[in-house]
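Counting from 1, position 35 in the sequence shown corresponds to residue 34 in numbering that gives the first Met the number 0; the numbering is continuous, with no gaps.
Contents: one structure, followed by commentary.
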Amino acid sequence: MRIKKLFNKTLVAIILLLAVLTGNALSAKTTFNIAVFYPDVRKPYDTFFNNITDGIKENEQGSITLKSISKNDDTDDISNWLNEHKPDAIILLGNDFKRFSKALDGPYKLIYGASFFSNNHIEEGQSGVSMTPEPATLFKKLKTFIPGVTQIDVVYHLNTNGWLIDVATDSAKELGITLVKHPVENIKQAALTY
């Protein structure tokens with residue numbers, strides 16, 4: 000439990016730091032309004048997002064407003080809510096907010112958290128805390144299960160995970176593992192390659 004609280008506080012600190020660093024307008028203000036959007040998911044999956052939002056609520060450096068987004072919410076619902084609350088920045092938790100990207104893009108500073116990043120997200124200048132695991136950690140764990148492993152074949156989509164494969168290649172090499180890369184463009188190619 001202690002580790003979970005430390006993780007939550009660290010995640011909150013990182014997200015808030017990113018929020019402050021995303022623009023001069025925010026850093027020049029003494030207080031700022033942050034909206035936190037998180038998905039309305041069923042138990043037990045909601046525990047993950049509840050822990051993060053509980054940590055965010057402990058922040059005393061700005062006004063934090065939480066907004067649970069259901070599958071039924073549409074762009075108009077989001078736009079109306081934003082017009083009413085007028086946040087300086089928005090923290091988007093989870094992957095479910097891509098459908099609102101056009102409505103959110105523009106006057107708002109966006110910080111993504113608890114989501115997966117792709118090459119496209121990075122190239123678009125999106126910032127946040129990724130849920131993508133560190134390849135070195137995965138390879139070290141694999142080595143504890145199979146100490147003699149020397150080669151790993153990986154099938155991946157270049158536009159989605161190309162950046163991660165570059166990191167994984169370096170991490171694998173440091174552990175004496177050869178990463179054999181098989182880039183594909185769609186699920187059919189992935190199945191055939193596999």
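For every residue, glycine included, the Cβ atom is placed at its ideal position computed from N, Cα and C.
Under the rule that 16 or more other beta-carbon atoms within 10 Å means buried, what is residue i, buried or exposed?
| i | result |
| --- | --- |
| proline 134 | buried |
| threonine 100 | Threonine is not the amino acid found at residue 100; the sequence shown has serine there. Its Cβ having fewer than 16 others within 10 Å, serine 100 is exposed. |
| lysine 172 | exposed |
| proline 38 | buried |
| isoleucine 77 | buried |
| leucine 103 | buried |
| isoleucine 186 | exposed |
| phenylalanine 48 | buried |
| phenylalanine 144 | exposed |
| leucine 81 | buried |
| proline 86 | buried |
| glycine 105 | exposed |
| glycine 54 | buried |
Skipping 5 residues on each side, what residues in its chain have a beta carbon closer than 7 Å to that of residue i?
| i | result |
| --- | --- |
| aspartate 152 | Val179 and His181 |
| histidine 166 | Per the sequence presented here, residue 166 reads as valine, with histidine not at that position. If we look at valine 166 and ignore the five residues flanking it on each side, its Cβ neighbours are Pro134. |
| glycine 61 | Thr30, Phe31, Asn32 and Ile33 |
Between residue i and the rest of its own chain, which residues show a CB-CB distance below 8 Å, the 5 nearest in sequence each way excluded?
| i | result |
| --- | --- |
| threonine 149 | Gly175, Ile176 and Thr177 |
| lysine 56 | Ile63 and Leu65 |
| threonine 192 | Val154, His181 and Val183 |
Under the three-state reduction of DSSP, which class applies to residue i: helix, strand or coil?
| i | result |
| --- | --- |
| threonine 149 | coil |
| serine 100 | helix |
| threonine 46 | helix |
| serine 114 | strand |
| lysine 66 | strand |
| phenylalanine 31 | coil |
| isoleucine 176 | coil |
| proline 182 | strand |
| leucine 20 | With a pLDDT of only 49 at leucine 20, under the threshold of 50, the placement of this residue in the model should not be trusted, and no figure is reported. |
| glycine 54 | helix |
| lysine 108 | strand |
| glycine 127 | strand |
| valine 154 | strand |
| proline 132 | coil |
Using C-beta distances below 6 Å, list every residue in its chain close to residue i, excluding the 5 sequence neighbours before and after it, in chain order.
| i | result |
| --- | --- |
| serine 129 | Phe116 |
| leucine 65 | Val35 and Thr52 |
| glycine 127 | Ile110, Tyr111 and Gly112 |
| alanine 189 | Val154 and Val183 |
Tell me, to the nearest whole angstrom, how far the beta carbon of residue i is from that of residue j; I am working on the premise that it is less than 8 Å.
| i | j | result |
| --- | --- | --- |
| leucine 163 | threonine 136 | Contact doesn't hold; Cβ gap of about 13 Å is too wide. |
Would you check if the region 113 to 133 and the region 89 to 97 touch, i.e. whether three or more CB-CB distances between them fall below 8 Å? yes
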